[in-house]
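A.B. asks: The following block contains the structure, expressed as structure tokens.
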Amino acid sequence: MPSLLSRLRRVRHSDQVIATQVRETLVESLYASPQSLVIGAVASSAIAVTVATVSGDPWLIIGAVALTLTACARMVDALRPTRPPDERAQRSDLQIKRQELIYLAGALCYSMLLGGFGLLTLTNTDDGVLQLLSVTTTIGYAAGIAGRNAGRPWIALGQLCCASGPIIVGLLVSLDPLKVELAIVIGLFVVAMMSITLQTYDVILKATVASMEKAALAEYNAALARRDDLTGVANRTAFREQLEADFASLPGAGHCLSIHWLDLDRFKEINDSFGHLAGNALLCGIAARLDEAFGRRGIVARLGGDEFAIVCRIQRPGEASGIGREILRLVEQPVQHHGRPLHASASVGIAVAPTDGRDPDTLLKNADLALYRAKDSGRGQFCFYEPVMDEKVERSRNLAAEMKGALGRGEFYLLFQPIFDLQGTEVVSCEVLLRWNNRRYGPVSPVEFVPIAEDSGLIVEIGRWVIREACRSASRWSAEVKIAVNLSPIQLRSPDLPAAILGALADTELPAHRLELEVTESVLLADAEGTIAVLKAINALGVGTTLDDFGTGYSSLSYLTKFPFQTLKIDRSFISDLEQSPASVAIVQTIVELAAKLGMRTVAEGIETQAQLDQLRRTRCDAAQGYFLALPMSASMVGAMLADDRIRARG
Numbered sequence: 002m003p004s005l006l007s008r009l010r011r012v013r014h015s016d017q018v019i020a021t022q023v024r025e026t027l028v029e030s031l032y033a034s035p036q037s038l039v040i041g042a043v044a045s046s047a048i049a050v051t052v053a054t055v056s057g058d059p060w061l062i063i064g065a066v067a068l069t070l071t072a073c074a075r076m077v078d079a080l081r082p083t084r085p086p087d088e089r090a091q092r093s094d095l096q097i098k099r100q101e102l103i104y105l106a107g108a109l110c111y112s113m114l115l116g117g118f119g120l121l122t123l124t125n126t127d128d129g130v131l132q133l134l135s136v137t138t139t140i141g142y143a144a145g146i147a148g149r150n151a152g153r154p155w156i157a158l159g160q161l162c163c164a165s166g167p168i169i170v171g172l173l174v175s176l177d178p179l180k181v182e183l184a185i186v187i188g189l190f191v192v193a194m195m196s197i198t199l200q201t202y203d204v205i206l207k208a209t210v211a212s213m214e215k216a217a218l219a220e221y222n223a224a225l226a227r228r229d230d231l232t233g234v235a236n237r238t239a240f241r242e243q244l245e246a247d248f249a250s251l252p253g254a255g256h257c258l259s260i261h262w263l264d265l266d267r268f269k270e271i272n273d274s275f276g277h278l279a280g281n282a283l284l285c286g287i288a289a290r291l292d293e294a295f296g297r298r299g300i301v302a303r304l305g306g307d308e309f310a311i312v313c314r315i316q317r318p319g320e321a322s323g324i325g326r327e328i329l330r331l332v333e334q335p336v337q338h339h340g341r342p343l344h345a346s347a348s349v350g351i352a353v354a355p356t357d358g359r360d361p362d363t364l365l366k367n368a369d370l371a372l373y374r375a376k377d378s379g380r381g382q383f384c385f386y387e388p389v390m391d392e393k394v395e396r397s398r399n400l401a402a403e404m405k406g407a408l409g410r411g412e413f414y415l416l417f418q419p420i421f422d423l424q425g426t427e428v429v430s431c432e433v434l435l436r437w438n439n440r441r442y443g444p445v446s447p448v449e450f451v452p453i454a455e456d457s458g459l460i461v462e463i464g465r466w467v468i469r470e471a472c473r474s475a476s477r478w479s480a481e482v483k484i485a486v487n488l489s490p491i492q493l494r495s496p497d498l499p500a501a502i503l504g505a506l507a508d509t510e511l512p513a514h515r516l517e518l519e520v521t522e523s524v525l526l527a528d529a530e531g532t533i534a535v536l537k538a539i540n541a542l543g544v545g546t547t548l549d550d551f552g553t554g555y556s557s558l559s560y561l562t563k564f565p566f567q568t569l570k571i572d573r574s575f576i577s578d579l580e581q582s583p584a585s586v587a588i589v590q591t592i593v594e595l596a597a598k599l600g601m602r603t604v605a606e607g608i609e610t611q612a613q614l615d616q617l618r619r620t621r622c623d624a625a626q627g628y629f630l631a632l633p634m635s636a637s638m639v640g641a642m643l644a645d646d647r648i649r650a651r652g
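Residue numbers (this note's numbering): 2 to 652.
Have a look at this one:
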């Protein structure tokens, strides 16, 4: 008993300090199973009516009527419509307590009537069957309440006492030894049920608190995952979700959507002149201004690098011009960094829905076309999308047609960027870079022609040529130097890829271990099982495989255990911040150490400064490449460089 009293005091204290949201969940648990309440109320009322009718006692008849009316009122309350979660979340603590008091009043009233009815049955009738019906009904009700309402223990304990107390009194006043013994047993039963109720409450409370903490953490992480790490505005994920939601509500809404896609002009020059910290400060300052100006009427997002997008609800398309002018004004205001003003301008592409696009993808595509027009027109200005901008699409079609005969005309050629061993100055490998000099358009960027080749399926034929020519070039170099070739996702899905590799190795007599094939992380998402099978087949040939651009957004440690890679290439985004960001240093160090423990080599991309190289050497990365070390060059220049290194080594 002292232990029970101590637990009651603890329950009282915890009940006073629980959070409003927890209290609301516990109160809602009272209504979690209305069926059981209805069944109990109907059964108890039916028993009471039966006992009163058979006995004919006027007091029992009155009690049965009162019990039935109270049961009906409780059923109406229990079957009330459930509030939506968002509506429940807006209720105050006072409203929750008022609802709890309503339930408490009905529960105690019903329990007292049921207990009183049992007492009257024991004192006003001599029929043992009727007494048995009343007593068992009341005790059964009390047992069910101990578990059903344990989420609010004071209600459950009150019901337990109000229902069982009168029964115990009725049994004791009879002075019948057997009934007195039954009263003692019921008393012990009540104490046990009180203990069970308190234990159940502890479990429910802990589970509720844990669930809410988990939900709060998940909500926090979800919000964090939708924020740009550097600037704090929305990231690409949140931007896409909001844009799709805005489009879903657009029909019949009476307003338009404007998207302003902006790119900072010559942002790289700021990084090169003042350092990456200055560039980061500029991005943060501009993002804060844009978010303050437009965050309340739409969404401001950083899409990557120095690109931002702003979506606003506007009443008429003409308002987009005013927003564009305000964006240019905000960007042009200097940002202070260590006492130095940083100046920037922006190019802005504007598209308005539904005129310029009736779905998110079309609107984004057209805003992007408008942005390119703004850049081409001199920068520092905004341009609206116009249908004539679809000429870019026509150019892509023409390039696709030109590409069909490009291999035969010898328009494709290869450059090679050396990869150096960080422990010394030796070239350990060369990455192959595909280039296209078209007869009609001149030099075409890989960023433009590779997607066209993939869409047309020509990438498979071009890829076979690249592997063969790369092997042919490497066969003329030192036997210690490997050749690294990037694989397109389309190539990786080609069933004849292993045969093409074998054919290239046989034709050029290049040992298989000198060939390495690189794939990007995005390839791994499409068909994991198929990709694993292809990579294992490549490894079975003796050819190495490399995970390229590790850490660019899809990274998962499971890749390192599921997929058979021998080398990791650390993305240049981490390398560019090595001088200023301790976090980037820690990430690179962690990747290097993890790869080493898994028996994998690491290569860092994008080395542009001596400081980056020095910092990288401290991480014990295996190899590095970048413009600071060597520019892309022809096969003959690589051969000359390797020969020169051998001559110096001998000397």
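Every residue, glycine too, gets a C-beta built ideally from N, C-alpha and C.
(1) Apply the 10 Å Cβ neighbour rule to D550 and answer buried if 16 or more other Cβ atoms are within range, or exposed otherwise.
(2) Can you tell me whether P178 is buried or exposed? The criterion is at least 16 other CB atoms within 10 Å of its CB, across all chains shown.
(3) Mind checking whether L415 and V428 have CB atoms under 9 Å apart?
(4) Go through its chain and collect everything with a Cβ distance to P499's Cβ below 6 Å, but skip five positions before and after it.
(5) Suppose only complete runs of 4+ residues qualify. What are the alpha helix (DSSP H) ranges in the segment 221 to 262, listed by chain order?
(6) Where does W466 fall in DSSP's three states?
(7) Taking only the alpha-carbon atoms, compute the straight-line gap between G159 and L109 and give it to the nearest angstrom.
(8) Report the residue ranges of all beta strand (DSSP E) runs contained in full by the segment 338 to 374; include only those spanning at least 3 residues, in chain order.
(9) In its own chain, which residues sit with a C-beta less than 7 Å from the C-beta of V461, not counting the 5 before and 5 after it?
(10) Who are R436's beta bridge partners in DSSP?
(11) With a Cβ-Cβ cutoff of 9 Å, do M76 and V39 count as a contact?
(12) Below 9 Å between beta carbons: does that hold for V332 and R359?
(13) Report the residue from R441, C431, F413 and I420 whose alpha carbon sits nearest the alpha carbon of V396.
(14) For F421 versus A235, is the C-beta spacing smaller than 9 Å?
(15) Among the residues of its own chain, which have a CB less than 8 Å from the CB of E455, if the five just before and after it don't count?
(16) Determine whether the beta carbon atoms of A347 and L364 lie at a separation below 9 Å.
(17) With a cut-off of 8 Å on the beta carbons, I'd call A513 and V544 a contact; round off their distance for me.
(18) Pull up the CB-CB distance for L266 and R380, whole angstroms please, since I reckon it's below 8 Å.
(19) Are I300 and S259 touching if we call contact CB-CB under 9 Å?
(20) Please report the distance separating the alpha-carbon of W437 from that of E392.
(21) DSSP three-state call for R303: helix, strand or coil?
(22) Taking 7 Å as the limit between beta carbons, can you name the residues of its chain near A641, skipping five residues before and five after?
(23) Short of 6 Å in beta carbon distance, which residues of its chain neighbour M113, apart from the five on each side in sequence? Order them along the chain.
(24) Quick one: complete alpha helix (DSSP H) runs, 4+ long, within the segment 450 to 497?
(25) Express the C-alpha separation of I197 and V186 in angstroms, rounding to a whole number.
(26) Among the residues of its own chain, which have a CB less than 7 Å from the CB of G166, if the five just before and after it don't count?
(27) Residues in the same chain with beta-carbon distance under 7 Å from D230, minus the five sequence neighbours each way, listed in chain order, please.
(28) With a threshold of 8 Å, are at least 3 pairs of Cβ atoms found where one atom belongs to the segment 397 to 406 and the other to the segment 270 to 280?
(29) Could you pull out every residue in the same chain whose Cβ sits closer than 6 Å to the Cβ of T138, ignoring the five residues on either side in sequence?
(30) Measuring straight from C-alpha to C-alpha, what distance separates F564 and H261?
(31) Could you have a look at G325 and say whether DSSP puts it in helix, strand or coil?
(32) How about I351 and G325: are their beta carbons less than 9 Å apart?
(33) Starting from A310, follow the beta strand (DSSP E) in both directions and report where the run begins and ends.
(34) CA-CA distance, A53 and A211?
(35) Anyone know if the C-beta pair for W466 and C431 falls short of 9 Å?
(36) Along the beta strand (DSSP E) that carries A605, what are the first and last residues, could you check?
C.D. replies: Answer, in terms of the structure:
(1) Per the 10 Å Cβ criterion, buried.
(2) Exposed is the call here.
(3) Taking 9 Å as the cut-off, the Cβ atoms of L415 and V428 do not count as close.
(4) Excluding sequence neighbours, P499 sits near A538.
(5) With a minimum length of 4 residues, the continuous alpha helix (DSSP H) runs that stay inside the segment 221 to 262 are 237 to 249.
(6) Taken through DSSP and simplified to helix, strand or coil, W466 comes out as helix.
(7) Cα atoms of G159 and L109: separation of roughly 7 Å, rounded to the nearest angstrom.
(8) The segment 338 to 374 contains these whole beta strand (DSSP E) runs: 341 to 343 and 347 to 354.
(9) Cβ contact annotation for V461 (same chain, cutoff 7 Å, sequence separation greater than five): I491, Q492 and S495, in chain order.
(10) R436 pairs with Y414.
(11) Between M76 and V39, the CB-CB gap stays under 9 Å.
(12) For the pair V332 and R359, the CB atoms are not nearer than the 9 Å cut-off.
(13) In the sequence as displayed, the identity of residue 396 is Arg instead of Val. With distances taken between CA atoms, R396 lies nearest to R441 out of R441, C431, F413 and I420.
(14) The criterion of a C-beta distance shorter than 9 Å is not satisfied by F421 and A235.
(15) So the list reads S489, P490 and I491, once near-sequence residues are dropped.
(16) Not a contact, by the Cβ cut-off of 9 Å.
(17) Right, the Cβ-Cβ distance comes to about 5 Å (below 8 Å), so this counts as a contact.
(18) In the sequence on display, residue 266 carries Asp and not Leu. R380 and D266 do touch by the CB rule: their CB atoms are close to 4 Å apart, below 8 Å.
(19) For I300 and S259, no; Cβs fall outside 9 Å.
(20) Looking at the two C-alpha atoms, the distance is approximately 21 Å.
(21) Taken through DSSP and simplified to helix, strand or coil, R303 comes out as strand.
(22) So no residue of the chain qualifies.
(23) The beta carbon of M113 is closer than 6 Å to those of C163 in its chain, skipping five residues each way along the sequence.
(24) Segments of the alpha helix (DSSP H) lying fully in the segment 450 to 497: 460 to 475 and 490 to 493.
(25) Rounded to the nearest angstrom, the two C-alpha atoms are 16 Å apart.
(26) Closer than 7 Å at the Cβ level, and outside the excluded window around G166, lie G116.
(27) There are no such residues.
(28) The segment 397 to 406 is not in contact with the segment 270 to 280.
(29) The residues S45 and I48, in chain order, have a CB closer than 6 Å to that of T138 in the same chain once the five nearest residues on each side in sequence are set aside.
(30) Taking C-alpha positions only, F564 is separated from H261 by approximately 40 Å.
(31) DSSP, read as helix, strand or coil, puts G325 in helix.
(32) Between I351 and G325, the CB-CB gap stays under 9 Å.
(33) Boundaries of the beta strand (DSSP E) harbouring A310: E308 to I315, taken from the DSSP string.
(34) CA-to-CA, the gap between A53 and A211 works out to about 48 Å.
(35) No; because the gap between Cβ atoms is not below 9 Å, this pair is not in contact.
(36) For A605, the uninterrupted beta strand (DSSP E) segment begins and ends at R602 to A605.
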